[in-house]
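Chains as they are written, first to last, in my numbering: chain A, 1 to 325; chain B, 1001 to 1325. As structure tokens, the structure follows; a few thoughts come after it.
2 protein chains.
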Amino acid sequence: MAQAEFDNQAFRQALGSFTTGVTIITATAPDGTPIGLTANSFNSVSLDPPLVLWSLAKTSLSVDAFNEAEHWNVHVLSQHQQDLSNTFASRGEDKFKDISLEDGISNAPLIPDCSARFQCRNTVTHDGGDHLIFIGEVLDFDQQTLPPLVFQQGQYAMTARKPWEDVSLSSQPAAPQCSYNEDLLGYLIGRSHFQILYRMRKILDEQALEDSHFFALSVMNIQQRLTLEELNTHLDYTGHSLSEMDVDFLVRQDLIKKLDDDVYQLTSSGQEASLHHIAQAKAIEEELIEELGMGDVMALKLMLKRLINKTDPGLPDLWQEQDKK
Amino acid sequence: MAQAEFDNQAFRQALGSFTTGVTIITATAPDGTPIGLTANSFNSVSLDPPLVLWSLAKTSLSVDAFNEAEHWNVHVLSQHQQDLSNTFASRGEDKFKDISLEDGISNAPLIPDCSARFQCRNTVTHDGGDHLIFIGEVLDFDQQTLPPLVFQQGQYAMTARKPWEDVSLSSQPAAPQCSYNEDLLGYLIGRSHFQILYRMRKILDEQALEDSHFFALSVMNIQQRLTLEELNTHLDYTGHSLSEMDVDFLVRQDLIKKLDDDVYQLTSSGQEASLHHIAQAKAIEEELIEELGMGDVMALKLMLKRLINKTDPGLPDLWQEQDKK
């Protein structure tokens, strides 16, 4: 491609292939106003002396103020700060109004709850075409174990970390002629589901509950008064359903009771049993967060929600407010 | 923290909170040797003129060669190039020996199969403490739709992109008193599983196959000769099992056959049915890749494999080579 044909849009897009974190850079303008903006052009430069850099468009309204500032702070944003990132990426007034700033070593605003922060002395700037490159000496820094916000191809993202060794489920390499392998998404999701359910089953077995009973009690924990038909509408996609016999069993176990009009409801011990199931499910999840990392589990959940939205066969909304019955 | 206490290890770790892509930078040394190294200090600087930067330790063996090079190329690595990243991060000789280099606009080596590439003229360097900052003018670039490799906290990672709007499954905000909400990992995995199985079920219903039959045929597609007991060892954790009645049904349907010694095997039409199921599962996966993006589905699979490894109750290895029977 000759330079004459240089396509700015395509160039931006190609640059977007390089994933970055998201930072907010802050300083105090000469008139005392706090200033701040979102930047993903941050990077580390040197360990000794500790130097970092970022760059700012020369057309930015804040360029003079940053240039004159003696100090600026870099905030590596966490997953929870996406709204903050949007606020500081816009030109709105008073971006700091809802933030409880902390005290730093300089007059540059210090924002809480970040993945990491670098308090810097503004040491030198270099010309960088339509941008100015700021280099700062890190005077102080801190870090919290909050999963960082990520930016890629113009979108926010989360990361799922790869273990050092590639993850393999089988001790054997997949036989080449076998097209059913451990990399099939449906297999991975099914096995994940059944392995988690397997851990739940210890509790369920104690109460002689089958999967379908467990699913039914969970639905009735949310949608509190349901006819058998309505209940089964929620269960249908799982391939499970409750028969009259199942209902009789759950009534005999004092887990559900029949109200006047063919409507069923959890009894107080049914409520208790369901809460016990939720507590167990949460304990399993906590354990996984411990082992896989919070950011990774968040990324997993995000992907599952997107998958669910894409494969939803039109399920009734489990959390929809009920008509009074 | 006073500067005297500046902890290099902690500083490195805090810098690692800022997520980056991974690049390989290449050039040709004055003696004609191709040189290259892995760097995550890359960033964009300017659109007009198109400038990018990266920095290199002054102690690097290649620093003089890069300094003298008229051109260097930046390769934004894809997920598939993790090994390449390791190779170029080490000091090994002949890093280029297995690479089919492509022709670029300069003498700098051009590596194929990257997410993006920037062919640059070495314009200026700036001092950056123990590093040298290289700024280059982008003369040419290209991009492929390959999910980029990501680096965070000293580990490789993959990204799961966040949609612009947060993903919510329910039209209602979760009732605060209801602790069973759509954010529970077990619920998300279960619903994902059942929604995918729901799509499979159209095919299964045509063949009057229940979930347990489907699971059994899938196992027998991989482990080809199994007794009923062995088969059920593989199914046990799903809560499903095959009864003698189920086996009789599958034999009557000509999907499996009994060999001499109580061992069962797929018939050719059983084989065909199972391959049909796999094809359907792969079609569903292809559709999801189309809708969610290849990189995101890869990240999802990676997380599921890690979850499976952490929750494995000690399942028999489905892909283990069988003893001859």
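The beta carbon of each residue, even a glycine, is placed where N, CA and C say it ideally should be.
Which residue comes first and which comes last in the beta strand (DSSP E) that contains N40/A?
Taken as a continuous stretch (DSSP letters only), N40/A belongs to no beta strand (DSSP E), as it is neither H nor E.
Hey, does T1020/B have any beta-carbon neighbour from chain A nearer than 8 angstroms?
It does; some Cβ of chain A falls within 8 angstroms.
Which word fits E1206/B, buried or exposed, when buried means at least 16 other C-beta atoms lie within 10 angstroms of its C-beta?
Exposed, by the Cβ-count rule.
Just reading off the beta strand (DSSP E) that I1308/B is part of, what are its end residues?
Segment M1294 to T1311 is the alpha helix (DSSP H) holding I1308/B; no beta strand (DSSP E) there.
Here's a check: name, in chain order, each residue in its chain whose Cβ is nearer than 7 angstroms to the Cβ of A327/A, leaving out the five neighbours to either side.
What the structure shows of chain A is the stretch from 1 to 325, and residue 327/A is not part of that stretch, so it cannot be assessed.
Out of N1043/B, A1039/B, L1037/B and K1258/B, state which residue places its alpha-carbon closest to the alpha-carbon of A39/A.
Of the listed residues, the one whose Cα sits closest to A39/A is N1043/B.
Name, please, each residue of chain A whose Cβ falls closer than 7 angstroms to the Cβ of I1111/B.
Chain A residues near I1111/B: none, gap ~14 angstroms exceeds 7 angstroms.
Which runs of the alpha helix (DSSP H), 4 residues or longer, sit entirely within the segment 166-245 of chain A?
Those alpha helix (DSSP H) runs which fall completely within the segment 166-245 of chain A and span 4+ residues are 185-206, 211-222 and 228-235.
Rounded to a whole number of angstroms, what is the C-alpha to C-alpha distance between F1006/B and G239/A?
If I take the Cα positions, the gap works out to 60 angstroms.
Just to confirm before moving on: does the CB-CB distance between T1227/B and D1262/B stay below 8 angstroms?
Yes, the pair counts as a contact, with Cβ atoms nearer than the cut-off.
May I ask you to report which of helix, strand or coil DSSP gives D248/A?
Helix.
Excluding the 5 residues flanking A1027/B on each side, which residues of the same chain have their C-beta closer than 6 angstroms to its C-beta?
Around A1027/B: I1035, F1066, A1069, W1072 and A1108.
Skipping 5 residues on each side, what residues in its chain have a beta carbon closer than 6 angstroms to that of F151/A?
Excluding positions up to five away in sequence, the list reads T20, V22 and N40.
So, for Y156/A: in the same chain, excluding its five sequence neighbours on each side, which residues have a beta-carbon less than 8 angstroms away from its beta-carbon?
So the qualifying residues of the chain are V22, Q82, S85, L149 and V150.
Please list the terminal residues of the continuous beta strand (DSSP E) segment that includes V1124/B.
Residues A1116 to G1128.
Does Q1265/B get closer than 8 angstroms to chain A when you measure Cβ to Cβ?
No, because no Cβ of chain A sits closer than 8 angstroms to the Cβ of Q1265/B.
According to DSSP, is Q1013/B helix, strand or coil?
DSSP places Q1013/B in helix when its eight states are reduced to three.
Compare the C-beta of T26/A with all C-beta atoms of chain B and state if any pair is closer than 8 angstroms.
No, because no Cβ of chain B sits closer than 8 angstroms to the Cβ of T26/A.
Any chance the segment 1088-1100 of chain B sits against the segment 1132-1149 of chain B, with 3 or more Cβ pairs inside 8 angstroms?
Verdict: no, contact absent.
Pick helix, strand or coil for N1107/B, following the three-state DSSP scheme.
N1107/B: coil per DSSP, three-state reduction.
Under the rule that 16 or more other beta-carbon atoms within 10 Å means buried, what is H276/A, buried or exposed?
Exposed, since its Cβ has fewer than 16 Cβ neighbours within 10 Å.
Could one say the Cβ of M1303/B lies closer than 8 angstroms to chain A's Cβ atoms, at least one of them?
It does: the Cβ of M1303/B has a partner Cβ on chain A nearer than 8 angstroms.
Write down the C-beta distance between S1241/B and L1250/B rounded to the nearest angstrom, noting that I regard them as a contact closer than 8 angstroms.
Actually they are not in contact, since the Cβ atoms of S1241/B and L1250/B sit about 13 angstroms apart, beyond 8 angstroms.
For F66/A, verify whether its CB is less than 7 angstroms away from any heavy atom of the ligand ATP.
Of ligands this structure carries none, so the ligand ATP is not represented either.
Considering only residues of the same chain and omitting the five flanking positions on each side of D140/A, which have a CB-CB separation below 7 angstroms?
Excluding positions up to five away in sequence, the list reads I105 and Q119.
Note down the Cα distance separating G16/A from V1052/B, rounded to an integer number of angstroms.
Approximately 12 angstroms, taken between the alpha carbons.
In angstroms with no decimal places, state the Cα-to-Cα distance between M1245/B and N1232/B.
Distance between the alpha carbons of M1245/B and N1232/B is about 14 angstroms.
Look at the alpha carbon of N1122/B and the alpha carbon of F1088/B, and state the distance between them as a whole number of angstroms.
The straight-line gap from Cα to Cα measures roughly 20 angstroms.
Take the Cβ of T159/A as the centre, count every other Cβ of all protein chains shown within 10 Å, and call the residue buried at 16 or more, exposed below.
The residue is buried, with at least 16 neighbouring Cβ atoms inside 10 Å.
Give the DSSP-derived three-state secondary structure of F1066/B in the structure shown.
Residue state, collapsed to three classes: helix.
At which residues does the alpha helix (DSSP H) containing S85/A begin and terminate?
Where S85/A is concerned, the enclosing alpha helix (DSSP H) stretches over Q82 to A89.
With 8 angstroms as the threshold, decide whether the Cβ of H1071/B is near any Cβ in chain A.
Judged by the 8 angstroms Cβ criterion, H1071/B is not in contact with chain A.
Tell me whether E102/A sits in a helix, a strand or coil according to DSSP, three-state version.
The answer is strand: DSSP assigns E102/A an E or B state.
Under a Cβ-count criterion, where at least 16 other Cβ atoms within 10 Å of its own Cβ denotes burial, should Q320/A be classed as buried or exposed?
With fewer than 16 other Cβ atoms within 10 Å, it is exposed.
Do you know how far the Cα of L1185/B is from the Cα of I1289/B?
The straight-line gap from Cα to Cα measures roughly 22 angstroms.
Taking 8 angstroms as the CB-CB limit, is K325/A close to chain B?
Caution is warranted here: a pLDDT of 47 is assigned to K325/A, below 50, making its placement in the model unreliable, and the coordinate value is therefore given only provisionally. No, no contact with chain B.
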